[in-house]
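Position 139, counted from 1, in the sequence shown is what the UniProt record's numbering calls 139; the numbers after and before it change by one each time, with no gaps. Read through the structure below, which is laid out as structure tokens, and then see the notes.
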Amino acid sequence: MKKIGFLSFGHWSEHPSYQARTASDTLLQSIDLAVAAEEIGLDGAYFRVHHFARQLASPFPLLSAIGAKTSKIEIGTGVIDMRYENPLYMVEDAGAADLISGGRLQLGISRGSPEQVIEGWRYFGFAPKDGENDADMGRQKALEFLERLKGEGFARPNPNPMFPNPPGLLRLEPYSEGLRERIWWGAASNATAVWAAENGMYLQSSTLKFDENGKPFSIQQAEQIRLYREAWKKAGHNREPRVSVSRSIFALMNDQDRYYFGQQGKGTDSFGYIEPTQRAVFGRGYAAEPDQLIKELAADEAIQEADTVLLTIPNTLGVDYNIHVLSAILEHVAPGLGWR
């Protein structure tokens, strides 16, 4: 049994074939898509965060709106770039969104990836400390975020406050119990996957990772997952770890599907550079008739290792078509793989 969710990058553009042509279109359609996904039995609605781009950027208003209009589906991110975040303000936003949803947030965070703007986090007022780089800054902010999510008091109260205070040091409010245990780390390397386990975060592994041994993508990703689980066990956490992998998977059910995605399933893994000095391996997409798709996915070693699969979706094609895409996986593919 696996949990199945969707992952939306939230693109919009004034393209004549797009259903999402404005930021408003994308935000409102994202809410509608999450509601419809819950109705067909999907387990999760996840959203990517990118700054300075025509994509979703500020996750908490969207997550809160979805939380208010749904009742069961997990609501998450994949991922929030911590280089851009104020960890304390983020604790307040995340706590509010989690309470609105009734404790359904599954927040994916990371040190960040190459962005639209050179050192874009500087425009947000952040800079690494002396002797650190931006990746160090992102990880340190993540650790502060995790610490403050515990709900322990740390701030000295004013002796003459506007409102009465509880005794002792004050914590950030609103506090949402249990959210600390629902934070995921987007790891591109084996080392950061181990670091995530040591710090009690779940693991999100995407459709790419740093190339560490030249092996095919799914094998490298499966190795990463096994290292993560070993580190989690060694750390002695008293709960079970969770691992998600993202994939572009399309069941070709009609001519429209074949037109959009018929060529995507013919691709293979590829290698390239997302950073000047870091080679990465990019996983292939899957697109085929359901019976063939089941065979191909069964051979994906990383999918077999994970407990959650996030299906990347073409959000610009609109809510109805994306529900068709997701329903096809739930009805015609997932049962054949034992996911349902």
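The beta-carbon is built from N, C-alpha and C at its ideal position, and this holds for glycine as well. Being a predicted model, the structure only gives us computed values, none of them experimental.
List the DSSP bridge partners of residue i.
| i | result |
| --- | --- |
| ARG81 | Sequence check: residue 81 is Asp here, not Arg. ASP81 pairs with SER110. |
| SER30 | Partner(s): none; SER30 has no beta bridge. |
| VAL243 | LEU203 |
| GLY272 | ALA280 |
| GLY76 | TYR46 and GLN106 |
| PHE250 | ALA287 |
| LEU311 | PHE6 and ARG247 |
| ALA155 | LEU170 |
Use the C-beta contact count for residue i: other C-beta atoms within 10 angstroms, 16 or more gives buried, fewer gives exposed.
| i | result |
| --- | --- |
| PRO314 | buried |
| ASN322 | buried |
| ALA235 | exposed |
| PHE154 | exposed |
| ARG239 | exposed |
| LEU143 | exposed |
| residue 358 | One cannot answer for residue 358 here, as it falls past the ends of the chain, which runs 1 to 340. |
| ILE100 | buried |
| LYS141 | buried |
| GLN256 | exposed |
| ALA68 | exposed |
| SER218 | buried |
| THR312 | buried |
| THR268 | exposed |
Note down the Cα distance separating residue i from residue j, rounded to an integer number of angstroms.
| i | j | result |
| --- | --- | --- |
| ASN190 | MET137 | 19 Å |
| TYR18 | LEU169 | 52 Å |
| GLU147 | PHE163 | 26 Å |
| GLU305 | ALA187 | 16 Å |
| TRP232 | HIS324 | 37 Å |
| ARG229 | TYR259 | 40 Å |
| GLU38 | GLY44 | 8 Å |
| PHE124 | ARG83 | 9 Å |
| GLY95 | GLU74 | 15 Å |
| ILE118 | MET1 | 42 Å |
| THR308 | ALA287 | 19 Å |
| ALA34 | SER176 | 22 Å |
| ASP291 | LEU172 | 51 Å |
| ALA23 | HIS51 | 13 Å |
| LYS215 | TYR46 | 29 Å |
| residue 354 | THR77 | For residue 354 there is no data in the structure shown, the boundaries of the chain being 1 and 340. |
| LYS266 | SER248 | 13 Å |
What did DSSP end up calling residue i once you bin it into helix, strand or coil?
| i | result |
| --- | --- |
| GLU147 | helix |
| ARG284 | coil |
| residue 348 | Nothing about residue 348 can be reported from this structure: the residues present for the chain run from 1 to 340 only. |
| THR192 | helix |
| GLY95 | helix |
| SER327 | helix |
| GLN278 | strand |
| GLU39 | helix |
| ALA142 | helix |
| LEU56 | coil |
| THR22 | coil |
| PHE210 | strand |
| LEU63 | helix |
| ALA231 | helix |
| GLY125 | coil |
| PRO16 | coil |
Could you spell out where the alpha helix (DSSP H) holding residue i opens and where it closes?
| i | result |
| --- | --- |
| TRP121 | Run containing TRP121: none; DSSP gives neither H nor E here. |
| TRP184 | From DSSP, TRP184 is part of no alpha helix (DSSP H) but of the beta strand (DSSP E) over 183–186. |
| PHE261 | 255–261 |
| GLU301 | 301–305 |
Following the continuous beta strand (DSSP E) through residue i, name the residue where it begins and the one where it ends.
| i | result |
| --- | --- |
| SER8 | 3–8 |
| ALA45 | 44–47 |
| LEU293 | From DSSP, LEU293 is part of no beta strand (DSSP E) but of the alpha helix (DSSP H) over 290–298. |
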